[in-house]
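**Student:** Quick one: the structure is below, questions incoming.
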Amino acid sequence: MPRVTFLPAGRSAEVAPGTSLLAAAGAAGVGIPHNCGGVCACTTCHVWIEEGGEGLSPVGDEEDDRLGEAAGLAATSRLACRAAVGGGDVVVRLPGNRIAS
Ligand code: FES
């Protein structure tokens, strides 16, 4: 199964293809804020993809629109509740060192 690693915490989890990065973070013990509950209505789950972005699900119109409101927007930006893991490993960088308690 693909491995998703979250930086800067350095925690990772193996998840099934189709799993969102938000769910993968939970599996890795990394808390990503998701104020809207994961329905693409906020930008609190904004992350940057450092490796493996080409294997993620494509950016849809809804995500693209919402990402335009994200602080620190970059070419590698994704919303963790929208981006789903494909067949390959992924390295994700969070805006802060968020570790679930
Ligand atoms: S949790 Fe709100 S857009 Fe992802």
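For reference, each letter of the sequence shown is one residue, going 1064 to 1164 in the working numbering. Using N, Cα and C, we set each Cβ at its ideal position, and we do this for glycine too. Keep in mind that this is a model prediction, so the values were computed, not measured.
Is Thr1082 near the ligand FES - that is, is its Cβ less than 7 Å away from at least one heavy atom of it?
**Tutor:** Result no, Cβ not under 7 Å from the ligand FES.
**Student:** Any heavy atom of the ligand FES closer than 7 Å to the Cβ of Gly1165?
**Tutor:** With the chain running from 1064 to 1164 in the structure shown, residue 1165 is simply not present.
**Student:** So does Leu1119 have its beta carbon nearer than 7 Å to some heavy atom of the ligand FES?
**Tutor:** Incorrect: Leu1119 has no Cβ contact closer than 7 Å to the ligand FES.
**Student:** Are three or more beta carbon pairs between the stretch 1147-1160 and the stretch 1073-1089 nearer than 8 Å?
**Tutor:** At 8 Å Cβ cutoff, the stretches touch.
**Student:** Using 7 Å as the cut-off, classify the Cβ of Leu1142 as near or not near the heavy atoms of the ligand FES, replying yes or no.
**Tutor:** Yes, the ligand FES has a heavy atom inside 7 Å of this Cβ.
**Student:** Cα separation between Thr1068 and Trp1111?
**Tutor:** Those two C-alpha atoms are separated by around 12 Å.
**Student:** On a CA-only basis, which of Leu1070, Pro1065, Met1064, Arg1066 is nearest Glu1113? Give me that one, please.
**Tutor:** The shortest Cα separation from Glu1113 among Leu1070, Pro1065, Met1064, Arg1066 belongs to Leu1070.
**Student:** Tell me the start and end of each unbroken beta strand (DSSP E) in the stretch 1076-1163 that is at least 3 residues and wholly inside, in chain order.
**Tutor:** The stretch 1076-1163 contains these whole beta strand (DSSP E) runs: 1109-1114, 1140-1142, 1153-1156.
**Student:** Below 8 Å on the Cβ atoms is my guess for His1109 versus Ala1133; work out the distance and round it to an integer in Å.
**Tutor:** So it is a contact: roughly 4 Å between Cβ atoms.
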